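Numbering (the working numbering), first residue to last: 674 to 954. Each residue gets a CB set at the ideal place from its N, CA and C atoms; glycine is no exception. The structure displayed is predicted, hence computed values, not measured ones. The block underneath contains the structure these notes are about, expressed in structure tokens.
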Ligand SMILES: C[S@@+](CC[C@H](N)C(=O)[O-])C[C@H]1O[C@@H](n2cnc3c(N)ncnc32)[C@H](O)[C@@H]1O
């Protein structure tokens with residue numbers, strides 16, 4: 674059993690419409706392999722019947738399951754390391770000076786997958802903010818399954834082995850049967866919400882730092898530009914944006930400039946008027 678061209682087109686149109694993810698021709702086998710367990714879970718005899726049924730009777734719940742199955746949720750603790758070192762060495766010293774009056778920072782892990790990025794940020798802030806400072810981290814993702822996992826905050830041994838130092842495992846996790854669960858003292862600063870980056874953004878308080886990592890790669894240029902423009906509106910004028918190693922704003926959105934941040938790069942709003950400064954003219 675293989676997907677027909679029409680079935681593949683139906684699925685790729687759905688995923689493009691709902692998540693702006695581009696499934697190029699040639700991905701038929703990937704789509705089929707990812708949809709086999711979904712079809713089985715909803716009681717369809719096979720993927721072809723599952724798709725045929727959806728074409729006849731649109732079913733938002735089944736559509737969501739397809740989006741969940743076709744998004745790549747690959748993530749790990751302190752992914753790529755350098756962005757987290759840059760936070761400690763460059764970004765936090767800068768923000769600690771700039772936010773003396775409020776002593777509070779807000780971070781956004783956009784496309785947070787199962788939560789490792791958001792909790793890695795929480796550990797970094799927990800260990801590097803001066804006493805008396807507070808922080809909030811919001812994680813969002815289009816996958817409802819990933820949001821549920823992130824909220825549960827439980828990880829298998831294999832998952833914690835991916836990038837989490839043993840000292841931090843001991844300090845910030847407790848045993849939960851065969852799994853490890855993040856301790857409440859860390860969880861209380863982190864919340865998760867379902868959100869599509871490619872739909873109009875809901876109202877949000879501005880953020881000091883946005884981690885928008887390893888998700889733009891799935892979008893076409895127009896969608897990347899739209900997401901970056903929307904992100905600029907909720908990034909504080911003197912805030913910091915981090916993208917994945919294979920992603921950039923260059924040639925896509927000139928409102929950002931790339932700046933060195935330790936051994937990696939970050940992006941800042943070009944010619945931003947610092948918060949509190951009067952505009953001239
Ligand atoms: C490869 S993971 C990256 C996770 C994390 N940011 C990191 O770098 O490790 C990509 C995530 O983007 C999410 N995603 C894909 N399309 C999205 C969209 N349109 N809106 C929000 N999240 C999306 C997927 O569900 C997935 O969890």
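- Is the distance from the Cβ of residue 888 to the Cβ of residue 914 below 8 Å? Here residue 888 corresponds to residue number 215 of the chain shown, with the count starting at 1. Here residue 914 corresponds to residue number 241 of the chain shown, with the count starting at 1. Contact flag unset, no.
- Counting Cβ pairs closer than 8 Å, one from the stretch 708 to 722 and one from the stretch 900 to 912, do we hit at least three? The stretch 708 to 722 makes no contact with the stretch 900 to 912, as fewer than three CB pairs between them are under 8 Å.
- State the DSSP-derived secondary structure class of residue 920, mapped to helix, strand or coil. The residue given as residue 920 occupies position 247 in the chain shown. Correct three-state label for residue 920: coil.
- Under 8 Å by Cβ, that's how I've got residue 812 and residue 791 pegged, so tell me the actual separation to the nearest angstrom. Reading the chain shown from its first residue, position 139 is the one you call residue 812. Reading the chain shown from its first residue, position 118 is the one you call residue 791. That belief holds up - the Cβ atoms of residue 812 and residue 791 are roughly 4 Å apart, short of 8 Å.
- Query: Beta-carbon separation of residue 795 and residue 882 under 8 Å?
  - Reply: Locating residue 795 in the chain shown gives position 122, counting from the first residue. Locating residue 882 in the chain shown gives position 209, counting from the first residue. At least 8 Å separates the beta-carbon of residue 795 from that of residue 882.
- Task: Evaluate residue 704 with the Cβ neighbour count: other Cβ atoms within 10 Å of its Cβ, from every protein chain shown; 16 or more gives buried, anything less gives exposed.
- Result: Within the chain shown, numbered from 1, the residue matching residue 704 stands at position 31. If you draw a 10 Å sphere on the C-beta of residue 704, you find 16 or more other C-beta atoms in it, and that means buried.
- Minimum C-alpha distance to residue 837 - residue among 757, 893, 900, 768: Taking the chain shown and counting its residues from 1, the one referred to as residue 837 is at position 164. The shortest C-alpha separation from residue 837 is found at 757.
- Length at least 4, wholly inside the stretch 806 to 882: the alpha helix (DSSP H) runs in chain order: Scanning the stretch 806 to 882 for uninterrupted alpha helix (DSSP H) segments of 4 residues or longer gives 817 to 825, 830 to 833, 839 to 845, 857 to 860, listed from N- to C-terminal end.
- Any chance the CB of residue 699 is under 7 Å from a heavy atom of ligand 1? As a first step, residue 699 is located in the chain shown; it is residue number 26 there, counting from the start. Outside the cutoff, so no.
- Helix, strand or coil for residue 700, going by three-state DSSP, please let me know. On the chain shown, residue 700 is found 27 positions in, with the first residue counted as 1. DSSP, reduced to helix, strand and coil, places residue 700 outside both helices and strands of the structure shown, so it counts as coil.
- Taking the CB atoms as reference points, tell me whether residue 855 and residue 826 lie closer together than 8 Å. Taking the chain shown and counting its residues from 1, the one referred to as residue 855 is at position 182. Taking the chain shown and counting its residues from 1, the one referred to as residue 826 is at position 153. Against a cut-off of 8 Å, the Cβ pair of residue 826 and residue 855 comes out as a contact.
- Rounded to a whole number of angstroms, what is the C-alpha to C-alpha distance between residue 764 and residue 897? Locating residue 764 in the chain shown gives position 91, counting from the first residue. Locating residue 897 in the chain shown gives position 224, counting from the first residue. Whole-angstrom Cα-Cα distance: 24 Å.
- Message: Could you check whether residue 867 and residue 921 sit closer than 8 Å to each other, using their CB atoms as the reference points?
- Response: Along the chain shown, read from residue 1 onward, the residue named residue 921 stands at position 248. Along the chain shown, read from residue 1 onward, the residue named residue 867 stands at position 194. Not closer than 8 Å, so no.
- Hey, would you say residue 903 sits closer than 8 Å to residue 874, going by beta carbons? Looking up residue 903 in the chain shown gives position 230. Looking up residue 874 in the chain shown gives position 201. Yes. Within cutoff.
- Within 7 Å: the Cβ of residue 917 and any heavy atom of ligand 1? Within the chain shown, numbered from 1, the residue matching residue 917 stands at position 244. Result yes, Cβ under 7 Å from ligand 1.
- Would you mind reading off the limits of the beta strand (DSSP E) that contains residue 723? Position 50 of the chain shown, counted from the first residue, corresponds to residue 723. Careful: residue 723 lies outside any beta strand (DSSP E), inside the alpha helix (DSSP H) at 720 to 729.
- Query: Taking C-beta to C-beta, are residue 809 and residue 772 nearer than 8 Å?
  - Reply: If you number the chain shown from 1, residue 809 lands on position 136. If you number the chain shown from 1, residue 772 lands on position 99. Taking C-beta atoms as the reference points, residue 809 and residue 772 fail to come closer than 8 Å.
- Task: Compute the beta-carbon to beta-carbon distance between residue 787 and residue 823, rounded to the nearest angstrom, for a pair I have assumed lies under 8 Å.
- Result: On the chain shown, position 114 is the one that residue 787 refers to. On the chain shown, position 150 is the one that residue 823 refers to. About 5 Å; that satisfies the 8 Å criterion.
- Message: Within 10 Å of its beta-carbon, does residue 680 have 16 or more other beta-carbons around it, so buried, or fewer, so exposed?
- Response: Reading the chain shown from its first residue, position 7 is the one you call residue 680. With 16 or more neighbouring CB atoms inside 10 Å of its own CB, residue 680 falls in the buried class.
- Where does residue 981 fall in DSSP's three states? This structure gives no information on residue 981, because the portion of the chain shown stretches from 674 to 954.
- Per DSSP, the bridge partner or partners of residue 933: Your numbering for residue 933 matches position 260 in the chain shown. Paired residue(s): 938.
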